[in-house]
Amino acid sequence: MLNTSYSRFRRVVGVLFYSLVSLLTILAVGLAIFNTPGLETRASFFWLALFGALLQLITIWYLYYATEVPSFARNAIYGCIMLANLWLCLFMFSLKPMP
Numbered sequence: 000m001l002n003t004s005y006s007r008f009r010r011v012v013g014v015l016f017y018s019l020v021s022l023l024t025i026l027a028v029g030l031a032i033f034n035t036p037g038l039e040t041r042a043s044f045f046w047l048a049l050f051g052a053l054l055q056l057i058t059i060w061y062l063y064y065a066t067e068v069p070s071f072a073r074n075a076i077y078g079c080i081m082l083a084n085l086w087l088c089l090f091m092f093s094l095k096p097m098p
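So in numbering that gives the first Met the number 0, spot 17 of the sequence shown is number 16, and the numbers just go up one at a time.
What follows is the structure, given as structure tokens:
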């Protein structure tokens, strides 16, 4: 639980997976907003989500280089990032187009 040693392969795969999930979430939200008639007025949500994705990527890359973070904290941070992406998708896809 307090293990802090990870192989390079595991760290690289983790960074690639979580970065890909974060970027695909933003891509899906952007496509939904800009391709749905009536949602263009809500583009500010996309720009805010893009800023959030940048912060997520910074955190993910920090976890790649950090060697002193225990596994439970690392997994909790990854879980929070994935939960934030889930809530972003649920929020964005619940928006109704404006008439």
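Using N, Cα and C, we set each Cβ at its ideal position, and we do this for glycine too.
Check, Outcome
"Check this for me: beta carbons of Leu38 and Pro96, under 8 angstroms apart or not?", "yes"
"Taking only the alpha-carbon atoms, compute the straight-line gap between Gly13 and Val28 and give it to the nearest angstrom.", "23 angstroms"
"Please determine, among Trp60, Ile25, Ile32, the residue with the shortest C-alpha to C-alpha distance to Ala83.", "Ile25"
"List the whole-angstrom C-beta distance separating Tyr77 from Tyr17, where the pair is believed to meet the contact cut-off of C-beta under 8 angstroms.", "6 angstroms"
"Starting from Thr58, trace the alpha helix (DSSP H) both ways and give me its first and last residue.", "42 to 64"
"Go through its chain and collect everything with a Cβ distance to Leu139's Cβ below 6 angstroms, but skip five positions before and after it.", "Since the first and last residues shown for the chain are 0 and 98, residue 139 lies out of range."
"Contact check, Ser21 vs Ala52 under 8 angstroms by CB: the rounded distance?", "5 angstroms"
"Is the beta carbon of Ala48 less than 8 angstroms from the beta carbon of Leu19?", "no"
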